Every structure is written in structure tokens, then in C-alpha cells.
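Numbering (my numbering), first residue to last: 2 to 292. Working notes, structure below.
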């Protein structure tokens, strides 16, 4: 079934000869394949946390998680989430987070994705200090840097896109985090059913409240591994792109209900299809998450 689906997609893109079919093929490839990185980025953007800053963290430098990315029945690439060594930024100790999305050889033929996001946040996860986003999606390129300038609780984000030269200056709410740091922050919080999590988030161009709801607890299987998880549903109000164009778009995120609080699964549904990212290997070995 997977081979048939691959052949169907490739045939649709390669046999469009009329101007109408060519336009349709372009929209088809763009709308579906770009979801490899868009869905993950959107999930990060809209996850936040409760009002108290983190006092302890479930992650440490050296953590690296690998995810398989699938569109429908088809494997389309991999993503990584990594915590690198604590570093010093202008005299402030900071966590260094890295996330990548990399399309496989099949998707490369239609829509090559090579994305890297890096973020630096204070080690108490109270606010962001620096954010880099290097985006390569098909013909689309973007190299973004956001520098955070804080004076007490007041701050501004200085945005610069290197290829276009675009610059912006965005006032910040106290405790604002970049999208990637916001996701790591939610892992530090005590999750339970019914909790609504929130946090001010910025990409350097706007500053909004990210919100999500813990809708339940669920045991899931990924390959031969079993996980006890919290199911989190983010609010998509501030997410654009394919989610804005999809009337009933959804994202569901599964985070382990143990001391590690790892992201083990992400699933979305939009007008162009469904997308799933799943943890490929448990860094502590195959096991069921603790009750």
C-alpha cells in the first residue's frame, strides 16, 4: 500500500501537463510536504506553561531525541530534539536547545527540507536570550536571528532576517520565550488532566499568549514500546499557514507521564491530510513509563 501511495503521489506531480494541472501539482506538493517542519514548529509555538518559573528540569545537556516523520502511510523524514551544553551569554548561564527537521530522499525529490532551530534561555527558564532559525523548505530560504534585550521585567525582541534584510523591534511581555524554549519549558511543569497551560511566546515579529489544554491520560504503543502519557491539545488561534486554511485543523501531543516528560508523539490533521511524528528510540531503553 505504501508503494502504491508513493507511485500515486509521484505520478500526480510528474504528469501535470496543462497549466491548470501544473498549478494544482504545485499546490499539492507545497501544501502537503511543507508540513514536515510546519507541524512541529506550530506545536512548539503554541505550547506554553503556567505562571511559575521552573525550579527543576527533567532534561539535561546530552539529551538527544530522534523522531520519525510520516505523512499518511509514507515516511517523509526525521526530526531531532537536543539539549546541548550550558553556555554563557553576556554573563548569564543559558540552556542551548536545538531542533532539526530533515526530509528523506523520497520527499527531497519534491520538496527538500533542511531546517535547524536553535534557542538559548536562562537556566531557570524564566526568559529567552537568543533564537536562530535557518529554514530551507523547497525554494524557500530564511535565516532569522532574534536577540532579546531585557531591563528588569521589560524587554524587546530584535528580529533580523539576513537574506531579505528585514528588521523588526517587538516589545515583550515579562517572561516571554521563543517557540523552542517554550516547548522545553512545558516539560518542567506538573501536568494533569484539565490543566490549561499558557506562556507569552515570540518569534521576534509578534508576542502572543500560547495556550494548550491537557485533555487526558492515555497509554500508547510506538513499535514495541509502551508509554503512559498526557495528551495535550494546543490552541491554534495564532498559528497560520495550512492550519489557518483548514477549518477543523487539530494537533495532539503525547508527553510521558513520568519524571522525564518527553514528547513521544505528535499528530495533526489538516485539509491536505494527516501527519505523525513518533519517537524512534527510548534514550533509557525500551520500557513503560512509570505510573
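Note that the Cβ used here is the ideal one computed from N, Cα and C, for glycine as well. Owing to the predicted nature of the structure, the values given are computational and were not obtained by experimental measurement.
Residue i versus residue j - alpha carbon distance
| i | j | result |
| --- | --- | --- |
| residue 211 | residue 236 | 7 Å |
| residue 256 | residue 191 | 12 Å |
| residue 120 | residue 133 | 6 Å |
| residue 168 | residue 155 | 20 Å |
| residue 226 | residue 281 | 10 Å |
| residue 232 | residue 275 | 18 Å |
| residue 37 | residue 79 | Confidence at residue 37 is low in this model, with a pLDDT of 47, below 50, so its placement is unreliable and no value can be given for it. |
| residue 115 | residue 68 | 15 Å |
| residue 73 | residue 100 | 23 Å |
| residue 221 | residue 164 | 43 Å |
| residue 33 | residue 152 | Low local confidence applies: a pLDDT of 45 at residue 33 is under 50, so the model's placement there is unreliable, and no value is given. |
| residue 247 | residue 92 | Only weak support exists for where residue 247 lies, its pLDDT of 42 falling under 50; the value from the coordinates is given anyway. Residue 247 and residue 92: Cα-Cα distance of roughly 45 Å. |
| residue 268 | residue 219 | 14 Å |
| residue 82 | residue 185 | 10 Å |
| residue 123 | residue 202 | 15 Å |
| residue 183 | residue 57 | 15 Å |
| residue 146 | residue 174 | 19 Å |
| residue 215 | residue 130 | 28 Å |
| residue 27 | residue 76 | Its pLDDT being 46, under 50, residue 27 is placed unreliably in this model, and the coordinates cannot settle the point. |
| residue 198 | residue 263 | 16 Å |
| residue 204 | residue 223 | 32 Å |
| residue 87 | residue 97 | 6 Å |
| residue 254 | residue 234 | 6 Å |
| residue 149 | residue 117 | 19 Å |
| residue 138 | residue 206 | 20 Å |
| residue 258 | residue 166 | 44 Å |
| residue 270 | residue 103 | 21 Å |
Residue i, enclosing alpha helix (DSSP H) - first and last residue
| i | result |
| --- | --- |
| residue 187 | 180-187 |
| residue 131 | Run containing residue 131: none in the alpha helix (DSSP H); it sits in the beta strand (DSSP E), 129-138. |
| residue 107 | 106-109 |
Residue i - partner residues in DSSP beta bridges
| i | result |
| --- | --- |
| residue 278 | 70, 267 |
| residue 208 | 203 |
| residue 98 | 84, 120 |
| residue 76 | 71 |
| residue 190 | DSSP, once it has assigned bridges, lists no residue as partnering residue 190. |
| residue 262 | Partner(s): none; residue 262 has no beta bridge. |
| residue 283 | According to DSSP, which records beta bridges pairwise, residue 283 is partnered with nothing at all. |
| residue 196 | None; residue 196 has no bridge partner. |
| residue 217 | 232 |
| residue 89 | 94 |
Exposure label - residue i; buried when at least 16 CB within 10 Å
| i | result |
| --- | --- |
| residue 136 | buried |
| residue 180 | buried |
| residue 266 | buried |
| residue 193 | exposed |
| residue 141 | exposed |
| residue 61 | exposed |
| residue 188 | buried |
| residue 63 | exposed |
| residue 195 | exposed |
| residue 106 | exposed |
| residue 278 | buried |
| residue 170 | exposed |
| residue 283 | buried |
Unbroken beta strand (DSSP E) run spanning residue i, endpoints
| i | result |
| --- | --- |
| residue 173 | 168-173 |
| residue 159 | 155-162 |
| residue 60 | Segment: none, residue 60 is in no beta strand (DSSP E) and carries neither H nor E. |
| residue 224 | Careful: residue 224 lies outside any beta strand (DSSP E) and carries neither H nor E. |
| residue 1 | The chain is shown only over 2 to 292; residue 1 falls outside these bounds and no answer can be derived. |
Cβ-heavy atom distance, residue i to the ligand GTP, below 6 Å
| i | result |
| --- | --- |
| residue 226 | Because no ligand of any kind appears in the structure shown, any question about the ligand GTP cannot be addressed here. |
Min CB distance residue i to chain B below 7 Å
| i | result |
| --- | --- |
| residue 230 | Annotation note: the requested chain B is absent from the structure, which comprises a single protein chain. |
Would you call the region 153-169 and the region 101-112 in contact, with 3 or more CB pairs under 8 Å? Contact fails: fewer than three Cβ-Cβ distances are below 8 Å.
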